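A.B. asks:
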Amino acid sequence: MIEVRDLTKHFGSTQAVDGVSFDIKNGEILGFLGPNGAGKTTTMRVITCYLPPSGGTVTVDGLDVRTNSLAIRTRIGYLPESAPLYADMNVVDYLLFVAEVRLIPAGERRRAVRHAIDVCGLGGELSKNVGQLSSGFRQRVGLAQAIVHDPPILILDEPTRGLDPNQIVQIRGLIKELGRQKTVVLSTHILSEVQAMCDRVLIIDRGKIKFDGSKEDLSYGMSGKERVFVELRAGGDPVAHLRGLADVEAVNVVSREDGGIVRLHIDAPRGRDVRALIFGAAVQHGWTLLEMRRETVSLEDVFRQLTTNAA
Amino acid sequence: MQNVWPIFKKEMRAYFASPVAYIVITVFLLICGWFFSTSLFVVGQASLRNLFQIIPFVLTFFVPAITMRLVSEEKKSGTFELLSTMPVTDHGVILGKYLAALALLGIAIGCTLTYAFTVSGLGKIDAGVTLAGYIGLFLLGAGYVAIGVLASSLTENQIIAFIVSFLIIFALSLVDKVLMFVPVKLASVFEYLSAEYHFNNIARGVLDTRDLVYYASLIVLGLYFSARALQRRF
Chain A
1041 MIEVRDLTKH
1051 FGSTQAVDGV
1061 SFDIKNGEIL
1071 GFLGPNGAGK
1081 TTTMRVITCY
1091 LPPSGGTVTV
1101 DGLDVRTNSL
1111 AIRTRIGYLP
1121 ESAPLYADMN
1131 VVDYLLFVAE
1141 VRLIPAGERR
1151 RAVRHAIDVC
1161 GLGGELSKNV
1171 GQLSSGFRQR
1181 VGLAQAIVHD
1191 PPILILDEPT
1201 RGLDPNQIVQ
1211 IRGLIKELGR
1221 QKTVVLSTHI
1231 LSEVQAMCDR
1241 VLIIDRGKIK
1251 FDGSKEDLSY
1261 GMSGKERVFV
1271 ELRAGGDPVA
1281 HLRGLADVEA
1291 VNVVSREDGG
1301 IVRLHIDAPR
1311 GRDVRALIFG
1321 AAVQHGWTLL
1331 EMRRETVSLE
1341 DVFRQLTTNA
1351 A
Chain B
21 MQNVWPIFKK
31 EMRAYFASPV
41 AYIVITVFLL
51 ICGWFFSTSL
61 FVVGQASLRN
71 LFQIIPFVLT
81 FFVPAITMRL
91 VSEEKKSGTF
101 ELLSTMPVTD
111 HGVILGKYLA
121 ALALLGIAIG
131 CTLTYAFTVS
141 GLGKIDAGVT
151 LAGYIGLFLL
161 GAGYVAIGVL
171 ASSLTENQII
181 AFIVSFLIIF
191 ALSLVDKVLM
201 FVPVKLASVF
211 EYLSAEYHFN
221 NIARGVLDTR
231 DLVYYASLIV
241 LGLYFSARAL
251 QRRF
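So the protein sequences, as listed, match chains A and B.
Mind the numbering: the first sequence is residues 1041 to 1351 in this note's numbering, read in order.
Mind the numbering: the second sequence is residues 21 to 254 in this note's numbering, read in order.
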């Protein structure tokens, strides 16, 4: 359980994080979303005890980052942006070093390292120096060092940065797998990543939280409505009839064409499916239904709305 | 503090897995050996006095060379961020790195013990003076390494780390050589600040607490401010 309350962090006169509050529950996969420079990395660095907060409190399992930093560090596995690793060590030596610094007892170190290597699929690269690895494998070594001490919390800063599409799919699979037992916080500015991996989304922009909710909440967008797109051919005016249906809140005409073709957006409260009613109305009035689909607002649209509105 | 050991080991491995350690030790021994042997037969005495005069000078650039990358490289490559989110204190990191550089220095200085054996084959060598000389050298080196670690903690740039530590060390070794230009009242202060003045005291065979306190405070202050420098993060 991570609790962030009114967190602020400034560097000189630059306000990187400005009064951010949120909770992360155990077992959650939280996506930290925001444009570059929004304060994602800074927030993560405060949680991992790399940077002290300028104001506010951050606690991990009830321990404060200011007073109990060493105890918190043992509970967290961290992969910083661009996976900085010691280039002149080979994979096994590096992971053994991390295991030792992570206070794993000498007798269990080899087993812990072997486990991390297996989970991250590093078997073929063991004797190579970290500096010689491709960026995909470097990222895996970065993940392996984050999980070697089996921490309950994983904090991953842009884990798929700089990877090719195949590697992205693999790393995402790996993170999802790890997320079954662990609390995972990952930052990204790629929206599809959030859709693929996260339970919950936090959008941060210019140091402030713009959105906090489930991924479904996000895709319902700002309006929070269920929207159905309908294209039909009708003799008279179908709009009035459709407005009369139960649950229908609004009917907007998108466009009209010759021959009585109308395209409409029909809004209903969230969780209500009005498609059967629309179909019934079409049958009743003899309209020809050419197309009907549920509209989901794309994450991209919502994200752009949230982060470009000066608020 | 239990994490000093793995960091020490890692730094030792970094020295010896790359050519760094071999190159600096070779260069160190070449320079010391050259100056030692050229004058040995001219003087014609079975003593290492010569060596104890040349090594402090060699250390002014040898120590910066072995300490310059210790912290600055971690800062530059970002590995420090990862290291500092592991359960280690900044003091532990600094101490581990300091001890590794000191060990490398000890190995280099230890290699010159062969000169002592060579000379003792040629004539009777004063074991007490030789031992005192080596104790002095080790303390002098330990103080210099602390300065080198501090310089390395202050910057991300290894070249700057080298130059800054070289300047500080050079200044400390030089102050007792400019005493004649200094007002009489200040002379004793300058003398006390001089690293080589205390070394010469010890090398003469006098283990005075004043000299020990000098080196101890050099080490403690150097390491303390190094750890402070690490806490300032951006």
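Backbone N, C-alpha and C define an ideal beta-carbon position, used for all residues, glycine too.
Quick caveat: nothing in here was measured; it's all calculated off a predicted structure.
1) By how many angstroms is the C-alpha of B/V108 removed from the C-alpha of B/F56?
2) List, from N- to C-terminal side, the alpha helix (DSSP H) runs of 4 residues or more that fit wholly inside the stretch 1169-1234 of chain A.
3) Using a Cβ cut-off of 8 Å, pull out every chain B residue sitting near A/I1116, in sequence order please.
4) Using the beta-carbon of each residue, which ones in chain A are nearer than 7 Å to B/E101?
5) Are three or more beta carbon pairs between the stretch 238-245 of chain B and the stretch 155-171 of chain B nearer than 8 Å?
6) Pick helix, strand or coil for A/I1064, following the three-state DSSP scheme.
7) Answer yes or no: the CB of A/D1101 versus the heavy atoms of the ligand SAH, is any distance below 6 Å?
8) Taking 8 Å as the threshold, find out whether the stretch 1235-1244 of chain A comes into contact with the stretch 1156-1168 of chain A through three or more Cβ pairs.
9) So, with DSSP's three-state summary, where would you put B/I145?
10) Taking CB distances under 7 Å as the criterion, tell me whether A/A1351 reaches chain B.
11) Name the residues in the stretch 23-56 of chain B whose C-beta lies less than 9 Å from a C-beta of chain A; which are they?
12) Thinking C-alpha only, which one of B/M32, B/A128, B/G156 is nearest B/D231?
13) So, does the stretch 1050-1060 of chain A touch the stretch 1215-1230 of chain A, judging by three or more C-beta pairs under 8 Å?
14) Note down the Cα distance separating B/G116 from B/F28, rounded to an integer number of angstroms.
15) List, from N- to C-terminal side, the alpha helix (DSSP H) runs of 4 residues or more that fit wholly inside the stretch 99-175 of chain B.
16) The alpha helix (DSSP H) with A/V1132 in it runs from where to where?
17) For A/G1077, does the count of other Cβ atoms within 10 angstroms reach 16, so buried, or fall short, so exposed?
18) Going straight from the alpha carbon of A/A1351 to that of A/V1100, what length do you get?
19) Round the Cβ separation of A/C1368 and A/S1109 to the nearest angstrom and send it over; I've been treating them as touching at under 8 Å.
20) Got a sec: is the Cβ-Cβ distance from A/L1047 to anything in chain B below 7 Å?
21) Report the rounded CA-to-CA distance for B/I179 versus B/K144, giving the unit in angstroms.
22) Apart from the five residues on each side of it in sequence, which residues of its chain come closer than 6 Å, Cβ to Cβ, to A/A1290?
23) State the Cα-Cα distance for the pair A/A1123 and A/T1347, rounded to the nearest angstrom.
24) How is A/Y1118 classed by DSSP in three states: helix, strand or coil?
25) Considering only residues of the same chain and omitting the five flanking positions on each side of B/A247, which have a CB-CB separation below 7 Å?
26) Hey, would you say A/E1140 sits closer than 7 Å to B/P26, going by beta carbons?
27) Would a check of beta-carbon distances place A/F1137 closer than 7 Å to chain B?
28) Within the 7 Å Cβ cut-off, does A/R1106 reach chain B?
29) For A/L1196 and A/I1208, which I take to be in contact (beta-carbon distance under 8 Å), what is that distance rounded to the nearest angstrom?
30) With a threshold of 7 Å between beta carbons, is B/V108 in contact with chain A?
31) For my contact list, B/T99 and A/L1125 are in at a C-beta cut-off of 8 Å; report their separation, rounded to the angstrom.
32) Can you grab the Cα-Cα spacing for the pair A/A1280 / A/E1340, in whole Å?
33) According to DSSP, what are the bridge partners of A/M1237?
34) For A/E1331, I'd like the list of residues in its chain whose CB is within less than 6 Å of its CB, leaving aside the five on either flank, ordered along the chain.
35) Between the C-alpha atoms of A/V1342 and A/L1258, what's the straight-line distance to the nearest angstrom?
36) Identify the contact partners of A/V1141 in chain B, using a Cβ-Cβ distance below 8 Å as the criterion.
C.D. replies: Once the coordinates are examined:
1) Locating residue 56 of chain B in the second sequence gives position 36, counting from the first residue. Locating residue 108 of chain B in the second sequence gives position 88, counting from the first residue. Each residue's Cα considered, the two are about 43 Å apart.
2) 1175-1187, 1205-1218
3) For this step, residue 1116 of chain A is matched to residue 76 along the first sequence. In chain order: T105.
4) For the purposes of this step, residue 101 of chain B is taken as residue 81 along the second sequence, with counting starting at 1. Here the neighbours are Y1090, P1120, P1124.
5) yes
6) The count along the first sequence starts at 1 and reaches residue 1064 of chain A at position 24. In this structure, A/I1064 counts as strand in the three-state DSSP scheme.
7) Among the components modelled here there is no ligand, and therefore nothing to report on the ligand SAH.
8) no
9) As a working mapping, residue 145 of chain B is identified with position 125 in the second sequence. Residue state, collapsed to three classes: coil.
10) Taking the first sequence and counting its residues from 1, the one referred to as residue 1351 of chain A is at position 311. For A/A1351, the predicted model reports a pLDDT of 45, less than 50, meaning its position is unreliable; a value from the coordinates is still stated below. So, not an interface residue.
11) N23, W25, P26, I27, K29, K30, R33, A34, A37, S38
12) Position 211 of the second sequence holds residue 231 of chain B. Checking every option, the nearest Cα to that of B/D231 belongs to B/G156.
13) no
14) As a working mapping, residue 116 of chain B is identified with position 96 in the second sequence. As a working mapping, residue 28 of chain B is identified with position 8 in the second sequence. Roughly 4 Å separates the two Cα atoms.
15) 99-103, 110-131, 133-142, 147-174
16) As a working note, residue 1132 of chain A is residue 92 in the first sequence. From DSSP, the alpha helix (DSSP H) with A/V1132 extends over 1131-1141.
17) On the first sequence, position 37 is the one that residue 1077 of chain A refers to. So A/G1077 ends up on the exposed side.
18) As a first step, residue 1351 of chain A is located in the first sequence; it is residue number 311 there, counting from the start. As a first step, residue 1100 of chain A is located in the first sequence; it is residue number 60 there, counting from the start. Note on A/A1351: pLDDT 45, under 50, position unreliable in the model; the coordinate value appears next. If I take the Cα positions, the gap works out to 30 Å.
19) Residue coverage of chain A in this structure runs from 1041 to 1351, which leaves residue 1368 of chain A outside it and unanswerable.
20) Within the first sequence, the letter at position 7 stands for residue 1047 of chain A. Not closer than 7 Å to any Cβ of chain B, the Cβ of A/L1047 fails to qualify, so no.
21) Taking the first residue of the second sequence as 1, we reach residue 179 of chain B at position 159. Taking the first residue of the second sequence as 1, we reach residue 144 of chain B at position 124. Roughly 44 Å between the two C-alpha positions.
22) Here residue 1290 of chain A refers to the residue found at position 250 when the first sequence is read from its first residue. Closer than 6 Å at Cβ, skipping near neighbours: D1307.
23) Counting from 1 along the first sequence, the entry for residue 1123 of chain A is found at position 83. Counting from 1 along the first sequence, the entry for residue 1347 of chain A is found at position 307. In a straight line, the C-alpha of A/A1123 is about 27 Å away from that of A/T1347.
24) In the first sequence, counting from the first residue as 1, residue 1118 of chain A sits at position 78. Reduced to three states, the DSSP call for A/Y1118 is strand.
25) Along the second sequence, read from residue 1 onward, the residue named residue 247 of chain B stands at position 227. Excluding sequence neighbours, B/A247 sits near D110, H111, I114.
26) Taking the first sequence and counting its residues from 1, the one referred to as residue 1140 of chain A is at position 100. Taking the second sequence and counting its residues from 1, the one referred to as residue 26 of chain B is at position 6. Yes, the Cβ-Cβ distance between A/E1140 and B/P26 is below 7 Å.
27) Counting from one through the first sequence, the residue named residue 1137 of chain A turns up at place 97. Interface residue, yes.
28) Numbered from 1 along the first sequence, position 66 holds the residue referred to as residue 1106 of chain A. It does not: the Cβ of A/R1106 has no partner Cβ on chain B nearer than 7 Å.
29) As a position in the first sequence, residue 1196 of chain A is number 156, starting the count at 1. As a position in the first sequence, residue 1208 of chain A is number 168, starting the count at 1. Not a contact, Cβ separation roughly 13 Å.
30) Position 88 of the second sequence, counted from the first residue, corresponds to residue 108 of chain B. By this cut-off, B/V108 is an interface position.
31) Numbered from its first residue, the second sequence carries residue 99 of chain B at position 79. Numbered from its first residue, the first sequence carries residue 1125 of chain A at position 85. About 7 Å; that satisfies the 8 Å criterion.
32) Stepping through the first sequence from its first residue, residue 1280 of chain A is reached at position 240. Stepping through the first sequence from its first residue, residue 1340 of chain A is reached at position 300. One C-alpha to the other measures close to 33 Å.
33) By one-based count along the first sequence, residue 1237 of chain A stands at place 197. Answer is none; A/M1237 lacks a bridge partner.
34) Taking the first residue of the first sequence as 1, we reach residue 1331 of chain A at position 291. These residues qualify, in order along the chain: E1271.
35) Taking the first sequence and counting its residues from 1, the one referred to as residue 1342 of chain A is at position 302. Taking the first sequence and counting its residues from 1, the one referred to as residue 1258 of chain A is at position 218. Taking the straight line from one Cα to the other gives about 7 Å.
36) Residue numbering aside, residue 1141 of chain A sits at position 101 when the first sequence is read from its first letter. Under the 8 Å cutoff, chain B gives N23, P26, I27, L103, M106, P107, V108.
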